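For reference, the structure discussed in these notes is given below.
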Amino acid sequence: MFENFLIRSNSLRNEKKDDKIIGFTLAVRHANYRGVYLSLHNGYYIEVDAREYPREAQQFEINGQPPRSFEDLKAATSEHWDYDDEAILHVASPGGLAPGMHTIRFQQSVLAAYGYLPTDEEWVRNPPKPGSGAGSDKTPQIVAYSLVLNTDEESGQ
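Okay, so the sequence shown: first residue is 8 according to our numbering, each after it adds one.
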């Protein structure tokens, strides 16, 4: 159920730096009503129009901080992502996405659930690959979204 609301529907847009499109962004929410400490957020399985973007191409922006890699977030042991807080997922993709409708397949990977699990220590040492189902918590399936790319004119940016 929660996985249907992980991406804000009107948030897909290309990201520019120095007048060059360097990738795209999405506004995302957390699937677990408890939220999560950022050190346990392991990234996303994200596929756009049949192209998969690995965790290494992703950065995460939350709590007024600049975008950070998921490797950097491992050290954010006291910083929390609350359920109601929206974050921005930045995905590196030179040239970005073409205008129009895009099919996005998406799954959140979080290394925490209810209490201790036998996998907890192993996942801290060797985090599972997002999309494998391991660490999916409240998002057990990869969910498909159809989103239109917002242009600068439409978003007011």
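Every residue gets a Cβ at the ideal spot worked out from N, C-alpha and C, and that includes glycine. Just so you know, these numbers come straight off a predicted model, no measurement behind them.
Counting C-beta atoms within 10 angstroms of its own C-beta, Ser-153 has fewer than 16 neighbours from the protein chains shown and is therefore classed as exposed. Of Ile-95, Tyr-51 and Tyr-90, the smallest CA-CA separation from Gln-72 is found for Ile-95. By the criterion of a C-beta distance shorter than 6 Å, Ser-76 is surrounded in its chain by Gln-66, once the five residues flanking it on both sides are discounted.
When the alpha-carbon of Ala-82 is set against those of Leu-47, Asn-157 and Leu-156, the nearest one is in Leu-47.
Shown here, Glu-68 sits in a strand according to DSSP, grouped into three states. Positions of the alpha helix (DSSP H) runs, each at least 4 residues long and wholly inside the region 51-117, are given as 77-80 in order along the chain. For Arg-20, the enclosing beta strand (DSSP E) starts and ends at 20-24.
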